[in-house]
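Take the sequence shown: its letter number 436 is residue 436 in the working numbering, and every next letter is one higher.
Notes follow the structure.
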Amino acid sequence: MGFQNLKVCAASVISFTWLCLITCASTEPLQMVHNLDTLITNVEQLYRTAYHFQPQKNWMNDPNGPMFYKGYYHLFYQYNPEGPFWGNIVWGHSVSEDLVKWRSLDVALVPSEWYDIGGCWSGSTTFLEGGKPVILYTGITNASEQVQNMVVPKNLSDPFLREWVKIPENPIIVPNRGMDAKNFRDPTTGWFDSVDMKWRIVVGALEGRSRGMALLYKSTDFIKWEKVKHPLHSSESSGVWECPDFYPVLVSGKQGLDTSFVGSSVKHVMKVSLLETGYDYYTVGSYLVDENIFVPDKGSQDDELELRYDYGKFYASKSFYDASKNRRVLWGWITESDSQSEDIMKGWAGLQGIPRTIWLDDSTGMNLMQWPVAEVESLRGKKTVKNNTILKSGEVVEIYGVTGAQMDVEVSFDLRKMEIEEVEEMDANATAQELCSNTGVSYKGVVGPFGLLVLASNDLTQYTAVFYHIISHQNKLKLLMCSDQRRSSSLKDLDKTTYGSFVPLNDPKKIVSLRVLVDHSIVESFAEGGKSCITSRVYPTLTDLHLYLFNNGSSTILCNQLNAWDMKTTDNVYNFEI
Ligand code: DQQ
Numbered sequence: 001m002g003f004q005n006l007k008v009c010a011a012s013v014i015s016f017t018w019l020c021l022i023t024c025a026s027t028e029p030l031q032m033v034h035n036l037d038t039l040i041t042n043v044e045q046l047y048r049t050a051y052h053f054q055p056q057k058n059w060m061n062d063p064n065g066p067m068f069y070k071g072y073y074h075l076f077y078q079y080n081p082e083g084p085f086w087g088n089i090v091w092g093h094s095v096s097e098d099l100v101k102w103r104s105l106d107v108a109l110v111p112s113e114w115y116d117i118g119g120c121w122s123g124s125t126t127f128l129e130g131g132k133p134v135i136l137y138t139g140i141t142n143a144s145e146q147v148q149n150m151v152v153p154k155n156l157s158d159p160f161l162r163e164w165v166k167i168p169e170n171p172i173i174v175p176n177r178g179m180d181a182k183n184f185r186d187p188t189t190g191w192f193d194s195v196d197m198k199w200r201i202v203v204g205a206l207e208g209r210s211r212g213m214a215l216l217y218k219s220t221d222f223i224k225w226e227k228v229k230h231p232l233h234s235s236e237s238s239g240v241w242e243c244p245d246f247y248p249v250l251v252s253g254k255q256g257l258d259t260s261f262v263g264s265s266v267k268h269v270m271k272v273s274l275l276e277t278g279y280d281y282y283t284v285g286s287y288l289v290d291e292n293i294f295v296p297d298k299g300s301q302d303d304e305l306e307l308r309y310d311y312g313k314f315y316a317s318k319s320f321y322d323a324s325k326n327r328r329v330l331w332g333w334i335t336e337s338d339s340q341s342e343d344i345m346k347g348w349a350g351l352q353g354i355p356r357t358i359w360l361d362d363s364t365g366m367n368l369m370q371w372p373v374a375e376v377e378s379l380r381g382k383k384t385v386k387n388n389t390i391l392k393s394g395e396v397v398e399i400y401g402v403t404g405a406q407m408d409v410e411v412s413f414d415l416r417k418m419e420i421e422e423v424e425e426m427d428a429n430a431t432a433q434e435l436c437s438n439t440g441v442s443y444k445g446v447v448g449p450f451g452l453l454v455l456a457s458n459d460l461t462q463y464t465a466v467f468y469h470i471i472s473h474q475n476k477l478k479l480l481m482c483s484d485q486r487r488s489s490s491l492k493d494l495d496k497t498t499y500g501s502f503v504p505l506n507d508p509k510k511i512v513s514l515r516v517l518v519d520h521s522i523v524e525s526f527a528e529g530g531k532s533c534i535t536s537r538v539y540p541t542l543t544d545l546h547l548y549l550f551n552n553g554s555s556t557i558l559c560n561q562l563n564a565w566d567m568k569t570t571d572n573v574y575n576f577e578i
């Protein structure tokens, strides 16, 4: 079956989820429905996730201060206890033994003092001498300025670290005269220089109209901080830098490193979240400790801040070193794609992506690899295998037996015998996202598009397509990865942007792999073992959802392997009492 004749669901004229649910599920006129709670429950069941991190209700944004302490992972997060929209920001707090099943605790930080009365904004954890965790966070003052504050645990023997105390010295860093005090936030985890015996942190900032900066501060006691004259790194025209992150990665090897680690075996990663675009960008380079600067590697497109952790939705991310498993783990906030009125109907907004282990791709030395933490595999249930599927041009093949709304799929395509030299030349000036958007699943290329249709209805009126397409671009063969949401739902007022990325690969003539985590309203895709990632939020209005393989290119494609697992629902506990 081709894609040209796909029909739009008749329900697409309905503007709100609950209206759609009613009209899709029943023929009763709307005015017959009185019970709003029942409606909200229905909406939650459709779009709430089964194995992603999300609070029981209300708004969540950035992950804050992640750490591992006394056998427990801690995740704090920007939270609005008052409703499913941004505002009244406090720090929510949850703990887990495995990064998968979570217990929510009382909120950890709430505005209470002149220096944070306007909100407790994002921050990070650092372990000081003796393994004592402290948190730096941004407070919004009674004059709406941004300052950096510190809290310490009330009781270090409590593995849940339930109570945090604001230190009397707060605020410990205030904006200098002449600085933009409304764009000075999100302190990083500190790192310690054993030569000058000083801690360092960076804080995101804006200089002038558009120079984004990671301001560097030094301290011997973590309380009194002095600003280094020049920033650790900055970039003209990038706008406000939020949530900077700075950490070492091994030049070769997957093992993570403590944030203070320096040496010839490492490179450093500088990540910033750009307020202007709403995306997270990173650069790999060298940290010149004596000069207090970060120098991007030659060839990295630093001024463009070219590389992204994720080419879909993923913002305000934060990594931490997990000493218990010698790995660096990355959390990222995944926004909704629906409207605010939908969020109010759902009663919640915002997810955290599945935590990812990150390391440097030693085949390029330029980009990171990202892979769902191994613990996610403990949620895999029934397995469906379909090997050696030949996909002729225009074919769509259903994978029977999977639970379409909640699964983990690993698939690979054997391109070794393909005539990929014959593929079409694409517009050299177009970005990967533009190419994906201009082509889409129904485009007839030579090698591709081919890939998966997830969260798909059995008549293919709705689906989210995650696929590859080999193209020639700027005279190079490239593997284009796309996530196309245009047919994902019949709801109106959704952001259905098509996302795309070039997968950093020297030669696409090989077996290429793809992993997709599907969880009701989120689709997280990892190309080639984690070289490129795309996360999408989608809201299918149907409940009978399927998985398909497809190929719309003119060449036959061999899908040599497909493994799909139904995923269990995590038994998260909200408002955990000990
Ligand atoms: N979110 C926080 C800020 C941060 C922004 C406020 C990034 O600290 O800059 O909720 O999403």
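Idealized CB from N, CA, C, for every residue including glycine.
Asked                                                                                                        : Found
Candidates Trp333, Ser554, Arg486, of which the one nearest cysteine 586 by Cα                               : Residue 586 is absent from the model: the chain starts at 1 and stops at 578.
Near the ligand DQQ: glutamate 242 beta-carbon under 6 angstroms from a heavy atom                           : yes
Through-space distance from aspartate 408 to glutamate 395, alpha-carbon basis                               : 23 angstroms
For serine 157 and leucine 477, the rounded distance between their alpha carbons                             : 56 angstroms
Alanine 465 to isoleucine 420 span [Cα, whole Å]                                                             : 22 angstroms
Best match in Asp116, Ala316, Gln485 for proximity to glutamine 146 [C-alpha to C-alpha]                     : Asp116
Under the three-state DSSP convention, the category glutamate 207 falls into                                 : strand
Three-way DSSP call (helix, strand, coil) for threonine 579 in this model                                    : Residue 579 lies beyond the residue range present for the chain, which begins at 1 and ends at 578; the question has no answer from this structure.
Inter-stretch contact at 8 angstroms, needing at least 3 Cβ pairs: the segment 545–563 / the segment 485–500 : no
Inter-stretch contact at 8 angstroms, needing at least 3 Cβ pairs: the segment 86–104 / the segment 113–133  : yes
Rounded C-alpha distance that separates valine 8 from leucine 491                                            : Low per-residue confidence applies at valine 8: pLDDT is 25, beneath 50, and the placement is therefore not dependable, though the value from the model is reported in the following sentence. Cα to Cα, valine 8 sits roughly 11 angstroms from leucine 491.
Short CB-CB distance (under 7 angstroms) between glutamate 113 and chain B                                   : Among the chains of the structure shown, chain B does not appear; only one protein chain is present.
Those residues which DSSP pairs with aspartate 507 across a bridge                                           : Answer is none; aspartate 507 lacks a bridge partner.
Coil, strand or helix - leucine 491 by DSSP                                                                  : coil
Option in Val423, Pro175, Ala430, Leu562 with minimal Cα separation from alanine 143                         : Pro175
Straight-line Cα distance separating serine 554 from valine 95                                               : 50 angstroms
Nearest neighbour of proline 63, chosen from Lys70, Gly71, Gln54 [CA to CA]                                  : Gln54
Asparagine 61: CB within 6 angstroms of a non-hydrogen atom of the ligand DQQ                                : yes
Reference tyrosine 79, options Asp180, Pro372, Phe550, Leu351, closest by Cα                                 : Leu351
Boundaries of the alpha helix (DSSP H) in which methionine 345 is found, first to last residue               : 340–346
Sequence ranges, beta strand (DSSP E) only - wholly within the segment 144–202, length at least 3            : 146–153, 164–166, 191–193
Glycine 312 beta carbon less than 7 angstroms from that of serine 483                                        : yes
Beta-carbon gap between proline 231 and leucine 206 smaller than 7 angstroms                                 : no
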